[in-house]
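Undergrad: I'd like to ask some things about the structure below.
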Amino acid sequence: MNTNDKFRQIITTLGFKNVRDFSESLDITQARLVDVMREKQKIPQDLIFTLITKHNINANWLLTGQGNMFIGSQATTQTLNPQEAALLEDYRESNEQGKEAIEKTAKALSTISALENRKVA
Numbered sequence: 001m002n003t004n005d006k007f008r009q010i011i012t013t014l015g016f017k018n019v020r021d022f023s024e025s026l027d028i029t030q031a032r033l034v035d036v037m038r039e040k041q042k043i044p045q046d047l048i049f050t051l052i053t054k055h056n057i058n059a060n061w062l063l064t065g066q067g068n069m070f071i072g073s074q075a076t077t078q079t080l081n082p083q084e085a086a087l088l089e090d091y092r093e094s095n096e097q098g099k100e101a102i103e104k105t106a107k108a109l110s111t112i113s114a115l116e117n118r119k120v121a
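Just so it is clear: in the sequence shown, position 57 is 57 by the UniProt record's numbering, and no numbers are missing.
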């Protein structure tokens, strides 16, 4: 798997819509990320560090293709089904008021579910 394939896999797995959104999460320009993806430059150390600290990416996997994409249990928690990905995309595209409404609704539904589970048990 080449560098471009690895970055595409990271972008998809983390649920980013495109390279631009992912580059913003890394605090780098889209042009710089595209240069790295096209292997016009090696992956800079500061970018590797950011990938590790912000997204829990396994540097060994990134550089050699060996091991898991994520460090620790991140691999299982970052794989979203289509419904989860759509919900996350809706959240990211919402304004602050929309995000707050989504958060409150999710919290309320979670609380209701927990209470119902207690009644059953």
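Note that CB positions come from ideal geometry on N, CA and C, so glycine has one too. In this text, all values refer to a predicted model and were calculated from it rather than measured experimentally.
Look up Phe70 in the DSSP assignment and say whether it is helix, strand or coil.
TA: Phe70 falls in the strand class under three-state DSSP.
Undergrad: Based on the DSSP output, what are the partners of Ile57 in its beta bridges?
TA: Paired residues: Phe70.
Undergrad: I need the straight-line Cα distance from Lys104 to Gly98, nearest angstrom please.
TA: Approximately 10 Å, taken between the alpha carbons.
Undergrad: Relative to the alpha-carbon of Ile10, which residue among Gln83, Lys42, Ala59 and Gln45 has its alpha-carbon at the smallest distance?
TA: Ile10 has its Cα closest to that of Ala59, out of Gln83, Lys42, Ala59 and Gln45.
Undergrad: Helix, strand or coil: which one does DSSP assign to Ile28?
TA: Here Ile28 sits in coil by DSSP.
Undergrad: Should Val36 and Thr3 be called a contact, given that it needs their Cβ atoms to be closer than 8 Å?
TA: Closer than 8 Å, so yes.
Undergrad: Taking buried to mean at least 16 other C-beta atoms within 10 Å of its own C-beta, is Thr76 buried or exposed?
TA: Only weak support is given to the placement of Thr76: the predicted model assigns it a pLDDT of 46, under 50, and the question is left unresolved by the model.
Undergrad: Please list, in chain order, all residues of the same chain as Ser23 whose beta carbon is under 7 Å from its beta carbon, the five residues on each side excluded.
TA: The answer, listed in chain order, is Thr29, Gln30 and Leu33.
Undergrad: Could you spell out where the alpha helix (DSSP H) holding residue 122 opens and where it closes?
TA: Any property of residue 122 remains undetermined from this structure, which presents the chain solely from 1 to 121.
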